[in-house]
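Visitor: I have a structure I would like to understand better, so I am pasting it below and will then ask my questions one at a time.
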Amino acid sequence: DGKPQAGNTTEGMLANFFNSLLSKTPG
Amino acid sequence: NEREQICYSLITWLETFPLQSPHSSPSDLSDGVAIAQALSLIAPNFFTQPWLAKIKSEDLSNWRLKVTNLKKILKGILEYNLEYLGVTMQGFQMPDVNAIGEHSDAQELGRLLQLVLNVAINCDNKQEYIQTIMSMEEDVQQIIKNAIQELMTKEA
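From first to last, the protein sequence lines are chains A and B. Under our numbering, the letters of the first sequence match residues 1 to 27, in that order. Under our numbering, the letters of the second sequence match residues 28 to 183, in that order.
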C-alpha cells in the first residue's frame, strides 16, 4: 500500500538504534 | 554548525536531569558544576560525593578556576572509560577545556557533553537514560544518535 515499513521510517530507525543500545550488556 | 547542534541537543538532554545548579546554556555549564552533578547522578559509585566535593562551586568569577573544574571532570570521564568500560577514545578530539571555561565555547562544550552522554548510555542505569532520550523530540534524538555513533567509531 506504499506505506513505509516501521523500521524504515525515521522514527523506526531511531527506535531500532536505541533499542540496540538497550540490548547491549551493561558496563 | 553540526558541533553546535550537538551541544544544544545535549543541553536539552541535560535539562532532563534534576540538578541543583543552572544548566540551560553553555554559559551555565562553563564552570563544570552542573556537569559534575550530572555525572554523580549517572555513576555515583565512580563520581562519588568526595569526588564531587573537589569541584569548586563558589567564587568562580576567574575563568581559570572554571578550567580547573573542567580538567577534573575530563580526567574523571577518561578514567571511567578506561577503568569501567575498558575503552579509550582513539581519534576523538578531546574538548578544549580552556575554550569552555574562558568563552563558554559551544563546540567544545558539545564534545565534553558527548563524553558525558557516553557515560550515561554505558552505566548501570543506562536503560533509564536511553529511554529518556527515546522520549525526546525526533530531531534531538537524531542528533544524539549521530553523536553516539561518532563516539562508537572512535572507541578502542
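Ideal Cβ placement from N, Cα and C applies to all residues, glycine included. Predicted model only: the values in this text are computed from it and were never measured.
Once DSSP output is grouped into helix, strand and coil, what is the label at B/M121?
Guide: Three-state result, B/M121: coil.
Visitor: Restricting to Cα atoms, I'd like to know which of B/S51, B/S57, B/Q168, B/T43 is closest to B/I69.
Guide: B/T43
Visitor: Chain A partners of B/M161, CB-CB under 8 Å?
Guide: L14, A15, F18
Visitor: Applying a beta-carbon distance threshold of less than 7 Å, which residues of chain A neighbour B/K181?
Guide: Under the 7 Å cutoff, chain A gives no residues; its nearest Cβ is about 16 Å from B/K181.
Visitor: Give, in chain order, every unbroken run of the alpha helix (DSSP H) that is at least 4 residues long and sits entirely within the stretch 78-151 of chain B.
Guide: 90-107, 124-130, 133-147
Visitor: Using a Cβ-Cβ cut-off of less than 7 Å, give me the residues of the stretch 60-87 of chain B that come near chain A, in sequence order.
Guide: Listed by position along the chain: nothing, the set is empty.
Visitor: Cα separation between B/L41 and B/Q76?
Guide: 20 Å
Visitor: Compute the distance between the beta-carbons of B/I100 and B/G128, then report whether it is under 8 Å.
Guide: no
Visitor: Would you tell me roughly how many angstroms separate the C-alpha atoms of B/N96 and A/N8, rounded to the nearest one?
Guide: Rounded to the nearest whole angstrom, the CA to CA distance from B/N96 to A/N8 is 43 Å.
Visitor: Interface residues of chain A around B/I170 at Cβ under 8 Å?
Guide: Per Cβ cutoff of 8 Å: no residues; B/I170 is ~11 Å from chain A at best.
Visitor: By Cβ distance, which residues of its chain are closer than 8 Å to B/K153, with the 5 residues on each side in sequence left out?
Guide: A147
Visitor: Taking the beta carbon of B/K93 as the centre, do at least 16 other beta carbons fall within 10 Å, making it buried, or is it exposed?
Guide: By the Cβ-count criterion, B/K93 is buried, with 16 or more other Cβ atoms from all chains shown falling within 10 Å of its own Cβ.
Visitor: Taking the Cβ atom as the reference point for each residue, do A/L22 and B/I157 lie within a distance shorter than 8 Å?
Guide: yes
Visitor: For B/A65 and B/N89, what's the separation of their Cα atoms in angstroms?
Guide: 23 Å
Visitor: Can you tell me where the alpha helix (DSSP H) holding B/K181 begins and where it ends?
Guide: Taken as a continuous stretch (DSSP letters only), the alpha helix (DSSP H) holding B/K181 covers 165-181.
Visitor: Can you give me the Cβ contacts of B/I175 inside the same chain, cut-off strictly under 8 Å, excluding the 5 residues immediately before and after it?
Guide: Correct list, in chain order: L144, N145, I148.
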